[in-house]
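Numbering (the numbering used here), first residue to last: 371 to 643.
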């Protein structure tokens, strides 16, 4: 069997008696027109290694394989391993299935140290922790094209001063260029979630901050946005407060949502030094 004559996804799910599990945050993308568009937004992928988290029945996996990618699929739900195995047979060696928890997986070990893209319709309940892992951990993806709840996607790409601007925006945009590239309504999924979804494209900046600076940035943003209505002299008191702000050239009377990414990087540099 080849990729071209695989049975429709709904038919494959029915044959295996598979339904989405709410406890795993599962909502399946079965429309191959949508999954192919996501693959194009992540591309070009011909000959590229792609890590996909939470493939489920393999709708996005099929599109990535059609685009010519070498796919490593990390699936925590053992119910889908057999179905994905059938897809692997059709993929002629271009699909590797890893059964495990993506929060604990060593991505560099999966790829043998080779560069890789991350393309996933992420389970809602672990989307943000996974993104933080990939932004701040040792593995450096070539790019990330990831689906989240719309609210989370907006927080990742939020501009300074907006209601959605916060810790996630600062950390994401300090390390990557982040842009919402596609919106999806609940009806695009099976079963439909109660919220809309969106795809975010994240491309690493040419000169991302060093790991020590990223760690300091996590500490500064955690304190600043943990008490976002307070002035920085108060919210950052445990880290140096007014003295830290002055050292970084930031107004101690400012509030977190008014400080841009560059300002937070200066605060992080002041803290790290």
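The C-beta atom is built at its ideal place from N, Cα and C for all residues, glycine as well.
Check	Outcome
Cβ neighbour criterion (16 or more within 10 Å) applied to residue 524	buried
Span of the alpha helix (DSSP H), counted from its first residue to its last, around residue 422	Counting along the chain, residue 422 falls outside any alpha helix (DSSP H), though it belongs to the beta strand (DSSP E) covering 419-423.
Chain B contact for residue 398 (CB, 9 angstroms cutoff)	Judged by its chain identifiers, the structure shown contains no chain B, having just a single protein chain.
Opposing strand residues paired with residue 440 [DSSP bridges]	419
Residue 409 and residue 433 closer than 9 angstroms at C-beta	yes
Nearest to residue 591 (by Cα), restricted to the options 542, 467, 436	542
Where residue 627 sits in the DSSP three-state scheme	helix
The segment 516-523 touching the segment 471-478, judged by at least three CB pairs closer than 8 angstroms	no
Residue 571 - DSSP class collapsed to helix/strand/coil	strand
Residue nearest to residue 400 in terms of C-alpha spacing, selected from 471, 599, 429	429
Closest by C-alpha distance to residue 472, when choosing among 406, 444, 564, 483	444
Residue 540 - DSSP class collapsed to helix/strand/coil	helix
Reduced DSSP category for residue 512 - H, G, I as helix; E, B as strand; rest coil	coil
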